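**Student:**
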Amino acid sequence: MKQKTLISNDTNTEKLILEKYKITYVFKILIVALSLTIFMSCNKEDETTTTTTEEQIDVPTVTFVLTDTGQDAFYDGDGNEISSPNEGDDYYGQDAQFTGVSSSFQDNGDGTVTDLNTGLMWQ
Numbered sequence: 002m003k004q005k006t007l008i009s010n011d012t013n014t015e016k017l018i019l020e021k022y023k024i025t026y027v028f029k030i031l032i033v034a035l036s037l038t039i040f041m042s043c044n045k046e047d048e049t050t051t052t053t054t055e056e057q058i059d060v061p062t063v064t065f066v067l068t069d070t071g072q073d074a075f076y077d078g079d080g081n082e083i084s085s086p087n088e089g090d091d092y093y094g095q096d097a098q099f100t101g102v103s104s105s106f107q108d109n110g111d112g113t114v115t116d117l118n119t120g121l122m123w124q
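Be aware that the sequence shown starts at 2, since it is given in the working numbering, and climbs by one per residue.
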């Protein structure tokens, strides 16, 4: 009886070893296949295609008048008056560097005033 058990145990052990070997073998094949798939999908050349199209942007026509504010002095970040900065300098682009249409108003004599540049009227 003991011998049968030993044979049976030996057979079971062999089966377990074979199953373990099969699993390890299958796992190795899967790893190699996955590695080859990743390697084959890599390419030295960039295969992405970039299509550039020129887009026409319609810029609306300006239909209003921007009157000048009368600002003629330049200031730094601390509020100190400075000389006119040049393009590219700090504080360039202040209101005093741009002139617009001079303000023009009319007193209508009825408590209203009309801006002759824009047509706006106020009381």
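Just so it is clear, CB atoms sit at the ideal spot from N, CA and C, and this is done for glycine as well.
Predicted, not measured: the structure shown is a model, and the values here were computed from it.
Output the distance between the C-alpha atoms of Met122 and Val114, rounded to the nearest integer angstrom.
**Tutor:** For this step, residue 122 is matched to residue 121 along the sequence shown. For this step, residue 114 is matched to residue 113 along the sequence shown. Near 6 Å, if we compare the C-alpha coordinates of Val114 and Met122.
**Student:** Would you mind working out which of Thr52, Gln124, Pro61 and Phe75 sits nearest Asp111, comparing C-alpha positions?
**Tutor:** Counting from one through the sequence shown, the residue named residue 111 turns up at place 110. Checked all of Thr52, Gln124, Pro61 and Phe75; the closest Cα to Asp111 is Gln124.
**Student:** Which ranges does the alpha helix (DSSP H) cover as unbroken runs of at least 4 residues, wholly within the stretch 38-116, from first to last along the chain?
**Tutor:** Listed in chain order, nothing qualifies, since the stretch 38-116 has no complete alpha helix (DSSP H) run of 4 or more residues.
**Student:** Of the choices Gly101, Gln95 and Ile58, whose alpha-carbon is the least far from that of Tyr76?
**Tutor:** Translated into positions along the sequence shown, residue 76 becomes position 75. Looking at the Cα atoms, Gln95 is the closest of the given residues.
**Student:** Can you tell me which of Thr70, Tyr92 and Asn87 puts its alpha carbon nearest to the alpha carbon of Gly80?
**Tutor:** Reading the sequence shown from its first residue, position 79 is the one you call residue 80. Of the listed residues, the one whose Cα sits closest to Gly80 is Tyr92.
**Student:** Relative to the C-alpha of Ser103, which candidate in Ile24, Gly89, Asp90 and Asn118 has its C-alpha closest?
**Tutor:** Mapped onto the sequence shown, residue 103 falls at position 102. Of the listed residues, the one whose Cα sits closest to Ser103 is Asn118.
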